[in-house]
Structures are given as structure tokens and as C-alpha cells.
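Some notes on the structure that comes next.
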Amino acid sequence: MTSTTSPSSEKIEPQLRAVRPSDAEALCAIFNMPGFRQGTLRMPFERVEQVERRIAKSGQETTWIVAELEGKVVGHGNLVVQGSRRSHVGEINIGLDDAFVGKGIGSAILGALLDVADNWRALKRVELTVYADNEPAIRLYTSHGFEVEGRHVKAGFTDGEYHDLLSMARLRF
Numbered sequence: 801m802t803s804t805t806s807p808s809s810e811k812i813e814p815q816l817r818a819v820r821p822s823d824a825e826a827l828c829a830i831f832n833m834p835g836f837r838q839g840t841l842r843m844p845f846e847r848v849e850q851v852e853r854r855i856a857k858s859g860q861e862t863t864w865i866v867a868e869l870e871g872k873v874v875g876h877g878n879l880v881v882q883g884s885r886r887s888h889v890g891e892i893n894i895g896l897d898d899a900f901v902g903k904g905i906g907s908a909i910l911g912a913l914l915d916v917a918d919n920w921r922a923l924k925r926v927e928l929t930v931y932a933d934n935e936p937a938i939r940l941y942t943s944h945g946f947e948v949e950g951r952h953v954k955a956g957f958t959d960g961e962y963h964d965l966l967s968m969a970r971l972r973f
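Counting the sequence shown from 1 gives a position; the working numbering is that position plus 800.
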């Protein structure tokens, strides 16, 4: 999905930190924003309790961070290490408050998660899925070394329409 928020050239340096249980309400508000929801495979109208459960259930295989500006949560990202014979693989998810798209916050989150992948978890492959028409997100991922590996035709369903998804990955072998 194409972002409905027009990016600004203003770059902002957020404070990045680990997610806390008390972040559930702020994250839920972001998850329910129109631009955020349109660019992800999430369902609309998430409840705070759902987010609280996800935070509580995230274990040692997950690195989940939030981006803050002046004490306000404006974005998040997580890196989930796959198990068993895919223990060299991590999956990344990122999302921002609609008002902060295009200001460098997504790049800061992605950079921090890739640092964890490379320097703390020794992952060889980091992957993600993105809507094929989400050009700003694709540019962000490409700028951090991700490449398109495949297209999933009509695999995403948003706003009553089917959309193509791209599989992207960054390899370090």
C-alpha cells in the first residue's frame, strides 16, 4: 500500500529503547492509525489488551524496540529470530506513527535492529514482507541492503482489495 502521509525532508533522531508493558496503549494507538494499518497486514481496531498480550508473550527470541520523541512513542520495530534449523534467520517488522513517516525514524529503528542481528545474534539472513506498492518502505529497506527475492501475487488483502506483497531479505554469508 502506498503511504498516504507525505514524507518530509526533516530528519529526526529518536531515542530508541526496549519496549515496556506500559507502551501498550501508545503502540495500540499507532497500530490503529489509517496509514499504519494500510501499510501492514494487521486488522483494524486492535485493542490495548491484544498489544499487552503480545508484549508479555515476546520472549528471548524477540528484540522489540520503540522510538520516542520527547517521551512520546512514535514508532516501533521488532526482530524475531526463527527457531530450530532457521536459527540463522530473523524477521523484521517496523511501523511508525503516521505523522512521523519520512523523517528518518524508520531508518533509525531498522539500523538498530540490524545492529542486533549482526553484532549480537550473528544472523546471516534477515527478511521481511512489504506491500509491492509501498515505495517509501521499499526504498528504506533497499538503502539498508535488502533485496527483493520474490512477489506474492494478490497475497495481501486491505480495504476490500487484494494486493501483491514482496519478500525482501538481506544476506550476510
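Glycine included, C-beta positions come from ideal geometry on N, C-alpha and C.
Which listed residue (the options) has its alpha carbon closest to that of residue i
| i | options | result |
| --- | --- | --- |
| A826 | A867, Q838, I812 | A867 |
| R820 | G835, H963, N878, R925 | N878 |
| E891 | V874, V930, K872 | V930 |
| L913 | L816, E810, I812 | L816 |
| Q860 | P844, V916, L966 | V916 |
| N893 | D933, A955, I938 | I938 |
| L841 | G956, G902, C828 | G956 |
| K903 | G875, L928, N919 | G875 |
| F973 | G945, T958, A932, R925 | R925 |
| Y941 | I909, D918, K954 | I909 |
| D898 | F836, E813, D918, G911 | F836 |
| G945 | K954, E813, D933, E927 | E927 |
| P814 | R886, T862, L896, E852 | L896 |
| R853 | Q838, C828, R885 | C828 |
Residue i (DSSP reduced to helix, strand or coil)
| i | result |
| --- | --- |
| E870 | coil |
| G895 | strand |
| S858 | coil |
| R842 | coil |
| R853 | helix |
| S887 | coil |
Backbone CA spacing between residue i and residue j [nearest angstrom]
| i | j | result |
| --- | --- | --- |
| P807 | G906 | Residue placement at P807 is poorly supported in this model, since its pLDDT is 49, which falls under 50; the coordinates still yield a value, given next. C-alpha separation (whole angstroms): 12 Å. |
| R847 | I830 | 11 Å |
| R921 | E870 | 30 Å |
| T805 | F900 | Only weak support is given to the placement of T805: the predicted model assigns it a pLDDT of 45, under 50, and the question is left unresolved by the model. |
| Q850 | P936 | 28 Å |
| L923 | G960 | 37 Å |
| V889 | G883 | 8 Å |
| L966 | S822 | 33 Å |
| P844 | A824 | 16 Å |
| L971 | H952 | 20 Å |
| A856 | V881 | 17 Å |
| M833 | K872 | 15 Å |
| G950 | N934 | 15 Å |
| A969 | T863 | 18 Å |
| K811 | G911 | 15 Å |
| R885 | A818 | 27 Å |
Closer than 8 Å: residue i CB and nearest the ligand NAP heavy atom
| i | result |
| --- | --- |
| A932 | You won't find the ligand NAP in this model; it holds no ligand whatsoever. |
Only counting runs of 4 or more residues, tell me where the alpha helix (DSSP H) segments fall wholly within the segment 807-840, in order along the chain. 824-831, 834-838
Which runs of the alpha helix (DSSP H) spanning at least 4 residues fall entirely within the segment 902-960, listed in chain order? 905-919, 935-943
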